[in-house]
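In mature numbering (1 follows the signal peptide of the UniProt record, and there is no 0), the protein residues as written are -27 to -1, 1 to 198. Virtual Cβ for every residue (Gly too), placed ideally from N, Cα, C. Note that the coordinates shown come from a computational prediction; the quantities given were computed from them, not determined experimentally. The structure appears below as structure tokens.
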Amino acid sequence: MRKGVRRRGLALVGPVLVLGLSGCVPASTEMPTPEIVWDRGVAPSSPLEDDPIVQAAREAAIGLAMAKNSGDFTIRQLNDRWNHRHFVDLARGYATETMPYVYPGPYPWQPLRILEREDDFAVLEVCEAWQTSDGWLWDEDTYGKPFIPDQGVLRWYGLAKLDGHWKRVSRGIGAVEPRDSCPFEDIPIGYFNPRPRVPKLSEMPPVREPLPLAPESDEYEEGRR
């Protein structure tokens, strides 16, 4: 999250959460994945990029950015790569925001190693790029400004095998220690093409909430609690 970004507090003029209608069968929104243009032509090239764990984490970053930019939390790119409870919380938080911003692309990071791997759970250690002054997000004041990181932050990404997909989960996620840093100079930085537009608050689309879990989902019982 960009330093100084003001989270959108409760407001009558903010986005509206769209609820499903009783008796209707909801369907996810079909949204094409934007092209990603890599800064200086430097695309992800770590030997770990071919690992399904890393590929899932990459796709999760894209899905999160697409959902936050569109306000649509039903899209496949999000649902296939994040656990349901997480993006339900994302949708609720988004519905209360009052300062428009967009993700220029998926958050930039580099895989370092897979700390833990089981049949249904894994922990990926990454180095995230960070810029102290503005951070990754664009708002009206920083729109189009190149992202020039000035530090790297060591983090763990937790992933679980749910409904046949590796998905990012909140368990095992977060900074190892605030003091932990990592080399950031060669972290690939990708931007969406076409460039997402920062909307005016009055033009923000209604938030489309996540679809309900199917009874056969691996997450169904947890989602009912």
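Asked	Found
Alpha-carbon to alpha-carbon, Cys100 and Pro156	7 Å
Span of the beta strand (DSSP E), counted from its first residue to its last, around Ile9	8 to 11
C-beta atoms of Ile160 and Gly78 nearer than 9 Å	no
Terminal residues of the alpha helix (DSSP H) in which Ala30 lies	25 to 43
Between the CA atoms of Arg181 and residue 204 - distance to the nearest angstrom	This structure cannot settle anything about residue 204, because the visible part of the chain is limited to -27 through 198.
Expected contact under 8 Å - CB spacing of His57 and Ser143 to nearest Å	Actually they do not touch by this definition, with Cβ atoms about 11 Å apart.
Whole-angstrom C-beta distance between Pro(-2) and Leu184, which should lie under 8 Å	5 Å
Endpoints, the beta strand (DSSP E) within which Phe165 is located	163 to 166
CB of Leu85 within 9 Å of CB of Gly131, strictly	no
Check whether Pro119 and Asp12 have beta carbons under 9 Å apart	yes
Val171 versus Gln28, Ala33, Ala16, Lys41, residue with shortest Cα-Cα distance	Lys41
Identity of the residues DSSP links to residue 217 by a beta bridge	The requested residue 217 does not occur in the structure, where the chain is confined to residues -27 to 198.
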